[in-house]
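Number of protein chains: 2
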Amino acid sequence: MSSSAVILFAHGAREPEWAQPFESIRDRLRAVAMPIELAFLEFMPPSLDEAAARLAGKGIETVVIVPLFLAQGAHLKRELPAMVEKIRKRHAKTEFRVTPALGESPEIVAAITEWVLRAAR
Amino acid sequence: MSSSAVILFAHGAREPEWAQPFESIRDRLRAVAMPIELAFLEFMPPSLDEAAARLAGKGIETVVIVPLFLAQGAHLKRELPAMVEKIRKRHAKTEFRVTPALGESPEIVAAITEWVLRAAR
Numbered sequence: 063m064s065s066s067a068v069i070l071f072a073h074g075a076r077e078p079e080w081a082q083p084f085e086s087i088r089d090r091l092r093a094v095a096m097p098i099e100l101a102f103l104e105f106m107p108p109s110l111d112e113a114a115a116r117l118a119g120k121g122i123e124t125v126v127i128v129p130l131f132l133a134q135g136a137h138l139k140r141e142l143p144a145m146v147e148k149i150r151k152r153h154a155k156t157e158f159r160v161t162p163a164l165g166e167s168p169e170i171v172a173a174i175t176e177w178v179l180r181a182a183r
Numbered sequence: 063m064s065s066s067a068v069i070l071f072a073h074g075a076r077e078p079e080w081a082q083p084f085e086s087i088r089d090r091l092r093a094v095a096m097p098i099e100l101a102f103l104e105f106m107p108p109s110l111d112e113a114a115a116r117l118a119g120k121g122i123e124t125v126v127i128v129p130l131f132l133a134q135g136a137h138l139k140r141e142l143p144a145m146v147e148k149i150r151k152r153h154a155k156t157e158f159r160v161t162p163a164l165g166e167s168p169e170i171v172a173a174i175t176e177w178v179l180r181a182a183r
């Protein structure tokens, strides 16, 4: 039994293939042997609630929720904190932590800048 | 007068600060001396139409549209191609090219994986 895990939290879309990059990130991280779940805001299962319940049910002590969103809009500023508050009340023995959006990371901004430079050639 | 330029095409949101990571990417690329515009699907100006018209009006020969979306949903699969088709008809002297979504790039997937690993520590 592991004491920490990650939930990758993505937007979701109607097209199943939309999830592919996120599944690819999850699979890479799973290969590093970290308990990891992918969860979606809408359109696709599982929900953040379901993923949190699954990990809390396994007795995980700390769950880090990593929003796979480029920037912080209403989804991350209002909806996610409200969802996490309810999850914390429901699973009081598990600590839930939320990281910033991808675009807050200088490394991600640098990687995207490089990608644009290559793509624009 | 330059013969090629880039439009960074992002989703947009109601919160002005949402645009910050995208403005940061645009500013870094501007520093590399490439004519570059940021355009949004909704909520924020300018639209893709407006950005395309501005660059075509300057006599730019090739415009590369880089969607700053993590994955390909309806926005990139249906809405963007329809918008680009109209833009091509309106500005026949300029070539418009569209790159894949960020999540199609192995380097971006790797950078996000690294970010999750650091964030989850």
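Order-wise, the sequence lines are chains P and X. Just so you know, we're using my numbering here: the first sequence kicks off at 63 and counts up by one. Just so you know, we're using my numbering here: the second sequence kicks off at 63 and counts up by one. Every residue gets a Cβ at the ideal spot worked out from N, C-alpha and C, and that includes glycine.
Query                                                                                                                               : Result
The beta strand (DSSP E) enclosing PRO143 (chain X), as first and last residue numbers                                              : It is not in any beta strand (DSSP E) - PRO143 (chain X) instead sits in the alpha helix (DSSP H) that spans 142 to 152.
Test: PRO83 (chain X) CB closer than 9 Å to a CB of chain P                                                                         : yes
Same chain, Cβ closer than 6 Å to PRO129 (chain X), neighbours up to 5 away in sequence not counted                                 : PHE71, LEU138 and ALA163
Contact with chain P by PHE158 (chain X), beta-carbon distance below 9 Å                                                            : no
Touching by the beta-carbon criterion (3+ pairs, under 8 Å), the stretch 85 to 103 of chain P and the stretch 167 to 175 of chain P : no
Contacts of SER65 (chain X) in chain P (Cβ-Cβ under 8 Å)                                                                            : Under the 8 Å cutoff, chain P gives no residues; its nearest Cβ is about 12 Å from SER65 (chain X).
Helix, strand or coil at THR175 (chain X) [DSSP, three-state]                                                                       : helix
Residue-level contact to chain X via CB, LEU132 (chain P), 9 Å cutoff                                                               : yes
Distance CB(SER65 (chain X))-CB(ILE122 (chain X)) smaller than 9 Å                                                                  : yes
Continuous alpha helix (DSSP H) stretch holding ALA115 (chain P): start and end                                                     : 110 to 119
Proximity test, Cβ basis, 9 Å: ARG150 (chain P) and chain X                                                                         : no
Per-residue contacts from LEU91 (chain P) into chain X (C-beta, under 9 Å)                                                          : THR175, VAL178, LEU179 and ALA182
Alpha carbon of MET63 (chain X) to alpha carbon of ARG140 (chain X), nearest angstrom                                               : At MET63 (chain X), the pLDDT of 46 sits below 50, so the modelled position is not reliable; the number obtained from the coordinates is stated separately. Going by the C-alpha atoms only, they are around 33 Å apart.
Where the beta strand (DSSP E) containing ARG159 (chain X) begins and where it ends                                                 : 157 to 160
GLN82 (chain X) versus ALA136 (chain P) - alpha carbon distance                                                                     : 14 Å
Integer-rounded CB distance, given that ILE149 (chain X) should sit under 8 Å from ALA114 (chain X)                                 : 5 Å
CB-CB length for MET96 (chain P) against VAL68 (chain P), believed under 8 Å                                                        : 6 Å
Contiguous beta strand (DSSP E) assignments of at least 3 residues, all confined to the stretch 72 to 113 of chain X                : 98 to 102
Own chain, CB closer than 6 Å to LEU91 (chain P), minus 5 neighbours either side, in chain order                                    : ILE98
8 Å contact criterion, which PHE84 (chain P) and ALA133 (chain X) should meet: CB distance rounded                                  : 7 Å
Local Cβ density within 10 Å of VAL178 (chain P), reported as buried at 16 or more and exposed below that                           : buried
Test item: CB-CB of PHE158 (chain P) and HIS73 (chain P) under 9 Å                                                                  : no
Neighbourhood of THR161 (chain X) by C-beta, 6 Å cutoff - its chain only, sequence neighbours within 5 removed                      : VAL128
CB of LEU142 (chain X) within 9 Å of CB of LEU110 (chain X), strictly                                                               : yes
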